[in-house]
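Below you'll find the structure, written out as structure tokens, and then a few comments.
2 protein chains.
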Amino acid sequence: MNVLPPTVTPPVRTLMGPGPSDIHPRVLATLARPTVGHMDPYYLQIMDELQSMLREVFRTKNRLTMAISGTGSAGQEATVLNLIEPGDRVLVCVNGVFGGRLVDMAERAGGEVTTIERPWGEVFTVVEVKEALARVKPKVVAIVLAETSTGAWQPIEKIAAAVRDAGAMLILDTVTALGGIPVEIDKWQIDAAYSGTQKCLSCPPGLAPVSFSDRAVDKILKRREKVRSWYLDVSLIANYWGGDRVYHHTAPINMTYALHEALRLVLEEGLEACFARHRRNHEALKAGLAAIGIDYATQPGHALPQLNAVRIPPGIDDASVRNALLERFGIEIGAGLGAFNGTVWRIGLMGYASRHTNVLVLLAALEQLLAEQGHQFEHGAAVAAANAVYRDRK
Amino acid sequence: MNVLPPTVTPPVRTLMGPGPSDIHPRVLATLARPTVGHMDPYYLQIMDELQSMLREVFRTKNRLTMAISGTGSAGQEATVLNLIEPGDRVLVCVNGVFGGRLVDMAERAGGEVTTIERPWGEVFTVVEVKEALARVKPKVVAIVLAETSTGAWQPIEKIAAAVRDAGAMLILDTVTALGGIPVEIDKWQIDAAYSGTQKCLSCPPGLAPVSFSDRAVDKILKRREKVRSWYLDVSLIANYWGGDRVYHHTAPINMTYALHEALRLVLEEGLEACFARHRRNHEALKAGLAAIGIDYATQPGHALPQLNAVRIPPGIDDASVRNALLERFGIEIGAGLGAFNGTVWRIGLMGYASRHTNVLVLLAALEQLLAEQGHQFEHGAAVAAANAVYRDRK
Chain A
1 MNVLPPTVTP
11 PVRTLMGPGP
21 SDIHPRVLAT
31 LARPTVGHMD
41 PYYLQIMDEL
51 QSMLREVFRT
61 KNRLTMAISG
71 TGSAGQEATV
81 LNLIEPGDRV
91 LVCVNGVFGG
101 RLVDMAERAG
111 GEVTTIERPW
121 GEVFTVVEVK
131 EALARVKPKV
141 VAIVLAETST
151 GAWQPIEKIA
161 AAVRDAGAML
171 ILDTVTALGG
181 IPVEIDKWQI
191 DAAYSGTQKC
201 LSCPPGLAPV
211 SFSDRAVDKI
221 LKRREKVRSW
231 YLDVSLIANY
241 WGGDRVYHHT
251 APINMTYALH
261 EALRLVLEEG
271 LEACFARHRR
281 NHEALKAGLA
291 AIGIDYATQP
301 GHALPQLNAV
311 RIPPGIDDAS
321 VRNALLERFG
331 IEIGAGLGAF
341 NGTVWRIGLM
351 GYASRHTNVL
361 VLLAALEQLL
371 AEQGHQFEHG
381 AAVAAANAVY
391 RDRK
Chain B
1 MNVLPPTVTP
11 PVRTLMGPGP
21 SDIHPRVLAT
31 LARPTVGHMD
41 PYYLQIMDEL
51 QSMLREVFRT
61 KNRLTMAISG
71 TGSAGQEATV
81 LNLIEPGDRV
91 LVCVNGVFGG
101 RLVDMAERAG
111 GEVTTIERPW
121 GEVFTVVEVK
131 EALARVKPKV
141 VAIVLAETST
151 GAWQPIEKIA
161 AAVRDAGAML
171 ILDTVTALGG
181 IPVEIDKWQI
191 DAAYSGTQKC
201 LSCPPGLAPV
211 SFSDRAVDKI
221 LKRREKVRSW
231 YLDVSLIANY
241 WGGDRVYHHT
251 APINMTYALH
261 EALRLVLEEG
271 LEACFARHRR
281 NHEALKAGLA
291 AIGIDYATQP
301 GHALPQLNAV
311 RIPPGIDDAS
321 VRNALLERFG
331 IEIGAGLGAF
341 NGTVWRIGLM
351 GYASRHTNVL
361 VLLAALEQLL
371 AEQGHQFEHG
381 AAVAAANAVY
391 RDRK
């Protein structure tokens, strides 16, 4: 190599896409604290504290609550590979990209997979799930609480009860949910849940919080054959996080520091206050967008506050608006994935990115860019409508 | 949770164990730079630069050279799961913990595994490997270049040639090797190599550099069945790192920054200078230890410069010395694993930890602690012997 690239000097962005979202400055600072050994007594204490805080955030007493050493997708696959044995009948509910990914993972785990589907942006009813449970008689069911590709917020309590009544285990995707909307692992009796750090936890990507019920742990310990991945074998990882501290792999020390601080932030604010903040900023954004003729692509009544999937107005060029937001305003929003590609924007208001300043500057920037592309609306209406929501809610 | 734990304030350690090793201050600073989106044009540029620098460090032109989003063990499993298909005959060379782990992973991949073994601390001869190749006729062979559990440096060039002559693919563990001793992926014609960030690259754990030959990529693309892990499926990950930038998972952005800076540091110093520094500090440590009666547990002539596995002197209490090093001097060294547990210390001189100040302070501290435990030696001899090596080498 003749010339080395320069050191990393990233542009400062406002991250309002589907993740990573804005990182809290305290989390970034904590990330760079001095690395200690992964068997250092200090690190073991940090792991314990992290587990306690994760249990609070997941609202669970599950002993096996920890962070997988990979991104959210690694946590997803850890739940799937550990709970499913070859030949197990599995029911996967698919209404977006991440349900589809569960199917792929479950098949690689050797599961006999049946799917039920809803159009993109819609959610499942308990009736549909019950019908499928009776038909398929699955050992494991998997569903997404907050579909990052569509912004759909899946009602889960009654479905979870139906799955339990049918004698199956329930895997719940809470990647975009955790910290943004209620996740009630114990109340809903979820058997395995996974999340990521880079959504509503205001932390860089790199760890995957997971929680397994005692029932799930029991099933894993009684498996007939080994989990198909050594790296994601929860029975081995549990001995590393648990009291025995049996060496498995070397945990990402500094990412653990960062997640520790991120969980401290959520619990300092309080979960309910955190959810209320996400709702308030969503309502302001929604009012602002409505005022300039931008609607949601998600089934009415089921839009996630932290991930706003909205229809690109007719005549507006998707990529040029997103590029201008990034280049001229430093704001990242997300493109549509899959069925929503080219017709939907995904606006994240997750974690530290869920701030009224972010809502206002995005609406102001959108007004400028849409006006340039000839979109017809009352100039100033978006910001005024958002401000009205904040004023009423003060 | 009634009371939140305090923010992370780690003790400052000198990391001279088997990893993580001392992080270079420039790497820690880079880790905390502002997070951008994983599809941001700036991040795509950083990924490209990182790949180019990794190719330099691996000494390869392999297009598929990148970092897996997990720790070294994730890279290890990525090579195994992708190269091995169910029913493939696999030969694994086992002379320590990490060879043993390759067996476990290869079995989970569905391989029909045969092992050859050497006692802990010893290395394989090309004759032994050739005999096994003729007997087993494997499709894939796996071996460790730098065995972190024993400090053994495996001569590889002739073995690699024999494996290729036998028509098999070779997986090489370079976790503790990369950046500390020569790794010549192209010259040796290695098909798949994996490493970790937290050994000789002076970077926190969290990413796994990997490189696959075109031949290996061809085998992966022609697989009869899908890789058993979606997260570690290299054909999917390659599309994310490659020109198409197809979304797979969300990469650990800040860890990528850190590895980028770590690779810059290695290439700034120059690989040969970096290897020479590792050798020089090893020789000084070895001379110092010999002067106070501490020998190596590794086969003579095959001790790694960066990982020194040494015999604990008779009458010395393993744990109390390691604990005192940590508590009184802030120095971490490693315990023995497996067959070496309780009888061996593992002293890492890896990456930024390979400094003459580290060698001298460790020897001085050991002199103090061994004297307290009644070990007989000429006081001052260890430091004097190390200094003599540095003086001669100036």
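Same order as they appear, the protein sequences are chains A and B.
Quick note on the working numbering: the first sequence kicks off at 1 and runs consecutively.
Quick note on the working numbering: the second sequence kicks off at 1 and runs consecutively.
The beta-carbon is built from N, C-alpha and C at its ideal position, and this holds for glycine as well.
At 9 Å on the CB atoms, spell out the chain A contacts of residue i, in chain order.
| i | result |
| --- | --- |
| V36 (chain B) | P10, P11, V12, R13, L15, P20, E332 |
| H356 (chain B) | Those within 9 Å of H356 (chain B) in chain A number zero; the least Cβ separation is about 21 Å. |
What is the residue span of the alpha helix (DSSP H) that residue i lies within?
| i | result |
| --- | --- |
| C203 (chain B) | Note, C203 (chain B): premise wrong, no alpha helix (DSSP H); not H, not E. |
| Y43 (chain B) | 41-58 |
| F98 (chain B) | 97-108 |
| S458 (chain B) | As shown, chain B starts at 1 and ends at 394. That puts residue 458 (chain B) outside it, with no answer to give. |
| S211 (chain B) | Segment 208-212 is the beta strand (DSSP E) holding S211 (chain B); no alpha helix (DSSP H) there. |
| S320 (chain A) | 318-329 |
| K286 (chain A) | 271-291 |
| E122 (chain A) | Looking at the DSSP string, E122 (chain A) is not in any alpha helix (DSSP H), and its letter there is neither H nor E. |
| Q189 (chain A) | Unbroken run through Q189 (chain A): none, as it is neither H nor E. |
| V227 (chain B) | Unbroken run through V227 (chain B): none, as it is neither H nor E. |
| P25 (chain B) | 25-31 |
In chain B, which residues lie with their C-beta within 7 Å of the C-beta of residue i?
| i | result |
| --- | --- |
| Y42 (chain A) | P10, P11 |
| E261 (chain A) | T7, V8 |
| E49 (chain A) | P5 |
| L28 (chain A) | A32 |
| I46 (chain A) | V8 |
Report, in whole angstroms, the separation of the C-beta atoms of residue i and residue j, which I expect to be a contact under 8 Å.
| i | j | result |
| --- | --- | --- |
| Q154 (chain B) | V123 (chain B) | 5 Å |
| L50 (chain B) | L232 (chain B) | Between L232 (chain B) and L50 (chain B) the Cβ distance is about 19 Å, and since that is not below 8 Å, they are no contact. |
| F377 (chain A) | G293 (chain A) | 6 Å |
| T115 (chain A) | A146 (chain A) | That belief does not hold up - the Cβ atoms of T115 (chain A) and A146 (chain A) are roughly 19 Å apart, past 8 Å. |
| A106 (chain B) | I84 (chain B) | 6 Å |
| E117 (chain B) | V94 (chain B) | 5 Å |
| Y240 (chain B) | H248 (chain B) | 4 Å |
| M16 (chain B) | I347 (chain B) | 6 Å |
Following the continuous beta strand (DSSP E) through residue i, name the residue where it begins and the one where it ends.
| i | result |
| --- | --- |
| I171 (chain B) | 169-173 |
| T65 (chain B) | 64-68 |
| Y194 (chain A) | 192-194 |
So with CB distances below 9 Å, who are the chain B contacts of residue i?
| i | result |
| --- | --- |
| H24 (chain A) | In chain order: nothing, as chain B lies at least about 11 Å away. |
Whose Cβ in chain A lies nearer than 8 Å to the Cβ of residue i?
| i | result |
| --- | --- |
| W230 (chain B) | S73, E77, R101, D104, M105, R108 |
| L31 (chain B) | L31, A32, N254 |
| R264 (chain B) | L4, P5, T7 |
| S320 (chain B) | Those do not exist, as S320 (chain B) stays about 15 Å from chain A at its closest Cβ, beyond 8 Å. |
Residue i bridges to which residues according to DSSP?
| i | result |
| --- | --- |
| T114 (chain A) | A:L91 |
| R346 (chain B) | B:A309, B:G334 |
| K181 (chain A) | Before going on, a small fix: residue 181 (chain A) reads as Ile here, not Lys. In DSSP, I181 (chain A) forms a bridge with A:L178. |
| W153 (chain A) | A:A146 |
| V141 (chain A) | A:L91, A:L170 |
| L15 (chain B) | B:E332 |
| Y296 (chain A) | A:V310 |
| A384 (chain B) | In the DSSP output, where bridge partners are listed per residue, A384 (chain B) has none listed. |
| A303 (chain B) | B:A152 |
Residues of chain B with CB under 8 Å from residue i, in chain order?
| i | result |
| --- | --- |
| Y257 (chain A) | V8, P10 |
| S235 (chain A) | Those do not exist, as S235 (chain A) stays about 13 Å from chain B at its closest Cβ, beyond 8 Å. |
| H302 (chain A) | What H302 (chain A) touches in chain B: nothing, since even the nearest Cβ is about 24 Å away. |
| H375 (chain A) | Here the premise fails: no neighbours, minimum Cβ distance about 25 Å. |
Using a Cβ cut-off of 7 Å, pull out every chain A residue sitting near residue i, in sequence order please.
| i | result |
| --- | --- |
| P204 (chain B) | T35, P252, I253, N254 |
| G70 (chain B) | S69, G70, A74, Y231 |
Proximal residues, the segment 167-198 of chain A versus chain B, C-beta separation under 8 Å: G196, Q198
Contact list for the segment 76-99 of chain A against chain B, Cβ threshold 9 Å: Q76, E77, A78, V80, L81, V97
Residues from the segment 102-119 of chain B in contact with chain A, defined by Cβ distance under 7 Å: D104, M105, R108
Within 8 Å of chain A by C-beta, residues of the segment 211-230 of chain B in sequence order: K226, V227, R228, S229, W230
Positions along the segment 336-352 of chain B whose CB lies within less than 9 Å of some CB in chain A: L337
Residues of the segment 282-296 of chain B with Cβ closer than 9 Å to any Cβ of chain A, in chain order: none
Contact list for the segment 269-281 of chain A against chain B, Cβ threshold 9 Å: none
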